[in-house]
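Positions 2 to 202 (the numbering used here) are the ones given, in order, by the sequence shown.
For glycine and all other residues, C-beta sits at the position ideal for the given N, C-alpha and C.
Quick caveat, the model's predicted, so the values are computed rather than measured.
These notes are about the structure you will find just below.
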Amino acid sequence: MQAGQLIVFTGPSGVGKGTLLRALCQRHPELCVSISATTRSPRPGEMDGTHYYFVDRPKFDRMVADGELLEWAEFAGNCYGTPRAAVERQVSQGQFVILEIELQGARQVRQNCPEARTIFILPPSFDELERRLRDRASDSEEAISRRLNIAKAEIAAAREFDIQIVNDDFETALAQLERAVFSTADGNGSFDSPLETLRER
């Protein structure tokens, strides 16, 4: 059986990582995207069990205490976590599983699963990130300010990740993401030349 791969995919809020991931999965429906549990309320159009598992804080705390989460983090006042069992089962079956998670959770996965491949999506500039957040028109001014402050710390941590991709031109970023996900690593954990090129950006 072909070996599976756990892929950690992150970047600041508003960078466009969700749009990139949806486009990648349309090209490669064989990819598995892990469904996270969260304590935040559903946004319009979001469905429980499809976009997230929406749970209240007491249930989330029980999942943490029982070791049911591969990682978890509190972000912008809400908790997010990855159910462990489903991810471990899919990887053991040879599937590529992508975790779209925040920086805190990504660090936990890297510590607990050093074989995971980590990818960070960067904005072309901080000003452009702010513009994208405001154009979404889904958050209050207070929430936008909070997200921008968090984004500064996240961007500063980008070099902790195996691969960094700047989402400036969408098609270029998508092609780079596709190569990053499907490129292979040698026995020393070094990736082939396409990934090395991306990492140097």
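{"query": "Alpha-carbon to alpha-carbon, G50 and A87", "result": "13 Å"}
{"query": "Closest residue to R213 among T40, F76 and R28 (Cα-Cα distance)", "result": "Residue 213 lies beyond the stretch modelled for the chain, which goes from 2 to 202, so this question has no answer here."}
{"query": "CA-to-CA distance, W73 to M48, given in whole angstroms", "result": "21 Å"}
{"query": "E75 in three-state terms, based on DSSP", "result": "strand"}
{"query": "Beta-bridge partners of E101, as assigned by DSSP", "result": "F10"}
{"query": "Runs of beta strand (DSSP E) wholly within the stretch 29-70 (minimum 3 residues, chain order)", "result": "37-39 and 53-55"}
{"query": "R118, enclosing beta strand (DSSP E) - first and last residue", "result": "R118 to L123"}
{"query": "Within 8 Å, strictly: CB atoms of G12 and F121", "result": "yes"}
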